[in-house]
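Asker: The following block contains the structure, expressed as C-alpha cells.
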Amino acid sequence: MSETPKRGIVFRDPVHNLIHLDEDDGFLLELIDTLPMQRLRRIRQLGVSWLTYHGAEHSRFSHSMGVLHVAGKILSTLKKRYRENEEVSGLLEKNRRTVLAAALLHDIGHAPFSHAMERLFKANADHEKRTISLLKNPELGIPEKLAKVGVDVEEVASVLQKLHSRRFLCDIVSSQLDADRMDYLLRDSLFTGVEYGQYDLDWVAAHLCLGKEPLSRDDGEQNEPVLRLCLDEKRGLYAAEQLIIARYHMTMQVYFHRTTRMWEALLLCLLKKAASVSVEAGDLLDDRLPGTPPVLLEFLKTSGAISDRDFLRLDDGTLTTAMEGWRESGDQFIAELSAAFLERRKKLPDGTRVFECIELTKKDPVDFGRLMGTLEGATKDFPAWKWELDEISKWASYKDFFHTLKKTKGKENAENTTSIMLSDGNLDSIAEPVEFRSFLFKSMAENSEDVVRLYAHHTVAAEINSLVLKFNLA
Amino acid sequence: MHYSIILPLLIQELGQIEGRKKFQKIVHILQCAGAPFDERFEFAQFGPFSSTLKAEIDHLDVFEILSEEQRVNTYVFSSGKRLPELRQAGLLSESPAWSGFAKGLNGKSASELEALSTTLFLLERGYQGEALDTKFEELKAHLLEFYENAKEQGLAILQNRGKWQPLQAAV
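Chains A and B, in that order, give the protein sequences.
Under the working numbering, read the first sequence as residues 1 to 474, first letter to last.
Under the working numbering, read the second sequence as residues 1 to 171, first letter to last.
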C-alpha cells in the first residue's frame with residue numbers, strides 16, 4: 001500500500017478548498033492512481049457544455065474527488081449523530097471504506113463527453129454497467145487494491161447498484177440526497193459561472209439522519225426494517241428546498257440549455273453517421289473516415305460493445321482528434337459537422353443554421369405519435385443521423401430530477417420513495433417524502449413542464465418544421 | 001420505440017393491468033426479454049422501478065390514452081377514451097411479436113413478477129450461482145417461494161432474448 005504520512009494527505013480543491021485523506025486511507029490513493037480513475041482527467045464533467053459556458057472545462061476526475069469528500073462528510077455526520085447506537089455506529093465503521101471507494105469510483109464507466117454518449121448506443125446507455133465491469137475487472141487491479149484493506153469489491157458494486165441490504169449506504173452515493181449531486185451542483189455552478197446552483201452544503205450535510213423506509217415490510221421475521229438517509233425534519237426542510245431549487249435552475253440554465261443540447265445533437269448525429277459508414281466500409285477503410293483512431297473505429301463498428309481495455313483508451317481527446325481528420329472526409333455530411341463542431345460554427349456561410357432547434361410546445365401523444373411515425377417510417381427522407389429528438393422527460397442523466405417531483409392524482413401514499421425524505425432521526429420513525437411537507441415541492445410537482453425539442457440538420461429542417469406544424473405540435 | 005406508441009400498444013394487447021407494481025415489472029421483464037422499451041430501471045424498495053416509466057404513464061393518463069382507475073387497494077390500467085385515435089392513425093400494429101409473452105406475464109401475480117424482475121436485474125448485473133441465490137435472499141426474503149421458478153425463467157428469458165418463447169407455468 002502507498003505510504004501515507006501520519007498527518008494524512010491533503011488535496012486542494014476549487015469547491016471544497018481542502019480534501020483530507022486520513023493516514024489509514026492510503027488505499028484511496030492507490031485507487032486514485034489506477035488507470036480507470038486517471039482517465040477521468042480527460043473526460044469533461046459537462047460533456048459539450050464548454051461550447052456554451054467557456055469555463056465548464058472541469059473533469060470527471062475533479063468531481064469524483066469532490067464526491068469522495070462529501071461522502072466522508074456524510075459518514076462523519078451520521079457517526080456523530082448515532083455514536084450511542086452500537087448497531088448503526090458499527091455498521092458505519094464496518095462499511096466506511098466500502099462507501100468511500102464507491103463514492104470515488106462511481107463514474108469510472110463514463111464514455112467520452114460524459115452523458116452525451118449514453119444516447120448514442122444501447123451498449124452505453126447506462127454508464128453504471130460499464131463502471132461495474134471496470135470495477136470488477138481483475139486486470140485493472142481495483143479488486144486487489146480493495147482486498148488488501150479488507151474491502152470486498154462485490155460490496156462496493158452493491159452500493160453502486162443500490163443492491164446493498166443496508167439501503168442508507170447506497171443513498172450516500174446514489175439518491176436524491178447523495179454526495180454525487182451535492183458535489184456536482186456546486187462544482188458545475190462554480191465552473192459555468194451560473195450562481196443559481198449554490199446551496200448550503202455544510203448545513204445539509206450536518207443535518208442528515210436516518211429514518212425507516214415508508215414502504216418497507218416490517219414483518220419482523222423475513223425482512224429487517226430498511227433504513228434510509230433523510231434530512232432532519234426540523235432543520236432540513238428549507239435546506240432541501242434550496243437544494244431542489246438549485247437543481248431546477250441548473251437543469252434549465254445549464255444541463256438542458258438549448259444551445260448546449262444543439263451541440264450534443266450535432267455530435268450525436270455526426271457519430272451516428274460515422275458508425276453507419278464504419279459498418280458499411282468494413283475492413284476496407286475508404287476516404288470517409290480519414291485518421292480515425294483504431295479504437296474509435298472499433299467502438300463505432302460494434303455500437304459501443306468494446307472490451308474494458310479498449311474502452312479505457314477512449315476519452316474526449318480521441319473523439320476530437322478523429323474529428324480533426326474527418327474534416328477532410330469524402331462524406332460531405334461528416335466533413336461539415338466535424339468542422340462545425342471544431343470551429344464552433346453554428347451557421348453556414350449563407351447564414352443557414354447547421355442544426356435548427358424546433359420546440360414542440362404541444363405534447364398531445366396522438367399528434368406526437370403521428371410525427372414520430374412519419375419520421376421513423378421514412379428513413380430515406382429522414383435518416384436517423386439528420387435529426388435528434390431531445391426530451392427532458394427521457395433524460396435520466398441527472399437522475400430523473402423532474403420525476404422525483406411528479407405527483408399522481410389522488411395519491412395518499414408514496415408509490416416509490418426515490419425523493420428526498422425527512423425524519424426526526426429516530427430509527428423507529430417512518431420517513432416521509434419531502435413533497436408531502438413542502439408547499440414549494442408540491443407546487444413544482446404539479447406545475448413542472450416537460451421540454452421537448454427536435455434538432456434537425458439544415459437539409460431536412462424545413463420539412464420537419466412543416467410536419468410539426470401539420471401535426472399541430474408547435 | 002417511443003413510449004407514446006409502445007405503452008398504448010401494451011395496453012391494447014393486455015386489455016388491463018391490475019396494479020402499478022405489475023405494470024412496472026411487466027415492462028421491465030419485457031425489456032430484458034428484448035422488447036423495444038427504452039426506460040431506465042433502478043433498484044428500489046419493490047425491485048426494479050423506472051421513474052421515467054411512471055412519468056410516461058402519468059402523461060398518457062392525462063391525455064386519456066391510458067386510464068388509471070383507483071380501486072380498493074389497487075390501481076387498474078386500461079385503454080383510455082382516446083386510444084382508438086392512435087389505432088385509426090395506423091400507429092398501433094395489430095399484434096407485436098411479444099404480445100403472447102406479455103399476456104403470460106399479465107397472468108402472474110405481482111409477487112411472482114417482482115421475483116422474476118428482481119432475478120433478471122441481478123442476472124443482468126453479473127450475479128450467478130451462489131452469489132445470485134444469496135443476494136436474492138438478502139433483498140427479497142419474503143419472495144423466496146417464487147425464487148427457483150424465477151431463476152429458471154430468468155435464465156431462459158436472457159438465453160432466448162427476442163425469441164418470445166412462452167413462459168413455463170409457475171410451480
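No residue lacks a Cβ here, since even glycine has one placed at the ideal position from N, Cα and C.
All values reported here derive from a predicted model rather than from experimental measurement.
Please decide whether I29/B counts as near chain A, where near means a Cβ-Cβ distance under 8 Å.
Answerer: no
Asker: Do you know offhand how far R313/A's Cα is from K442/A's?
Answerer: Answer to the nearest angstrom: the Cα atoms are 46 Å apart.
Asker: What is the rounded straight-line gap between the Cα of D61/B and the Cα of P365/A?
Answerer: Their backbone Cα atoms lie some 10 Å apart in a straight line.
Asker: What are the boundary residues of the alpha helix (DSSP H) that Y3/B is part of?
Answerer: Y3 to L14
Asker: Counting only the same chain and skipping the five closest in sequence on each side, list residues whose C-beta sits under 6 Å from that of E412/A.
Answerer: Reliability of the predicted coordinates at E412/A is poor, the pLDDT of 45 falling under 50, and no value is obtained from them.
Asker: Rounding to the nearest angstrom, what Cα-Cα distance links D188/A and A56/A in this structure?
Answerer: 7 Å
Asker: Once DSSP output is grouped into helix, strand and coil, what is the label at Y82/A?
Answerer: coil
Asker: Beta-carbon of S4/B versus every beta-carbon of chain A: anything under 8 Å?
Answerer: yes
Asker: Nearest to T459/A by alpha carbon, out of W385/A, H54/A and L427/A?
Answerer: W385/A
Asker: From N472/A to G291/A, what distance separates their C-alpha atoms?
Answerer: 45 Å
Asker: Fully enclosed by the region 45-121 of chain B, which beta strand (DSSP E) runs are 3 residues long or longer?
Answerer: Runs of the beta strand (DSSP E) inside the region 45-121 of chain B: 47-49, 66-71 and 74-79.
Asker: Is DSSP giving K363/A helix, strand or coil here?
Answerer: coil
Asker: Which ranges would you report for the beta strand (DSSP E) in the region 33-72 of chain A if only whole runs of at least 3 residues count?
Answerer: none
Asker: So is R40/B in contact with chain A if we call contact Cβ pairs under 8 Å?
Answerer: yes
Asker: Quick one, which residues of the region 350-379 of chain A are near chain B if we go by CB-CB under 7 Å, in chain order?
Answerer: D364, P365, V366, F368, G369, R370, M372 and G373
Asker: I need the straight-line Cα distance from L116/B to K108/B, nearest angstrom please.
Answerer: 10 Å
Asker: Note down, in chain order, all residues in the region 118-138 of chain B with a beta-carbon under 9 Å from any beta-carbon belonging to chain A.
Answerer: F121, L122, E124, R125, G126, Y127, A131, K135 and E138
Asker: Using the Cα positions of C170/A and F382/A, report the straight-line distance between them to the nearest angstrom.
Answerer: 43 Å
Asker: Alpha carbon to alpha carbon, what distance is there between Y199/A and R96/A?
Answerer: 26 Å
Asker: So, V173/A versus L160/A, is the Cβ gap smaller than 8 Å?
Answerer: yes
Asker: What do you reckon, are the CB atoms on A275/A and S307/A nearer than 8 Å?
Answerer: no
Asker: Does the distance from the C-beta atom of I6/B to that of F37/B stay below 8 Å?
Answerer: Judged by beta-carbon spacing, F37/B lies within the 8 Å limit of I6/B, meaning their Cβ atoms are closer than that value.
Asker: Using a beta-carbon distance below 8 Å, is D126/A in contact with chain B?
Answerer: yes
Asker: Using three-state DSSP, classify L454/A as helix, strand or coil.
Answerer: Strand.
Asker: With C-beta atoms as the reference, is Q16/B less than 8 Å away from V72/B?
Answerer: no
Asker: Taking only beta-carbon positions, decide if F63/B is within less than 8 Å of chain A.
Answerer: yes
Asker: Rounded to whole angstroms, what's the CA-CA distance from F355/A to L53/B? Just pull it up for me.
Answerer: 30 Å
Asker: Counting only C-beta atoms, is K163/B closer than 8 Å to chain A at any point?
Answerer: no
Asker: Of the residues that make up the region 73-88 of chain B, which ones have a beta carbon closer than 8 Å to any beta carbon in chain A?
Answerer: R82, E85 and L86
Asker: Sorted by chain position, which residues of the same chain lie with C-beta nearer than 6 Å to Y53/A's C-beta, five sequence neighbours on each side aside?
Answerer: Excluding residues up to 5 positions away in sequence, T192 lie with their Cβ nearer than 6 Å to the Cβ of Y53/A in the same chain.
Asker: Is there a Cβ of chain B sitting closer than 8 Å to that of L208/A, yes or no?
Answerer: Not closer than 8 Å to any Cβ of chain B, the Cβ of L208/A fails to qualify, so no.
Asker: As an exercise, report each continuous alpha helix (DSSP H) stretch of at least 4 residues that is fully enclosed by the region 80-146 of chain A, in chain order.
Answerer: 86-105 and 127-136
Asker: Counting contacts by CB-CB distance shorter than 8 Å, is K442/A in contact with chain B?
Answerer: Output row for K442/A: interface = no.
Asker: Give me, in chain order, the residues of the same chain whose beta-carbon lies closer than 7 Å to that of L31/A; leave out the 5 immediate sequence neighbours on both sides.
Answerer: M37, A101, L104, L105, I142 and K145
Asker: From the beta carbon of Q161/A, is the nearest beta carbon of chain B less than 8 Å away?
Answerer: Answer yes: the Cβ-Cβ gap between Q161/A and chain B drops below 8 Å somewhere.
Asker: Jot down the residue ranges of each uninterrupted alpha helix (DSSP H) in the region 212-296 of chain A, minimum 4 residues, whole runs only, in chain order.
Answerer: 237-250 and 258-281
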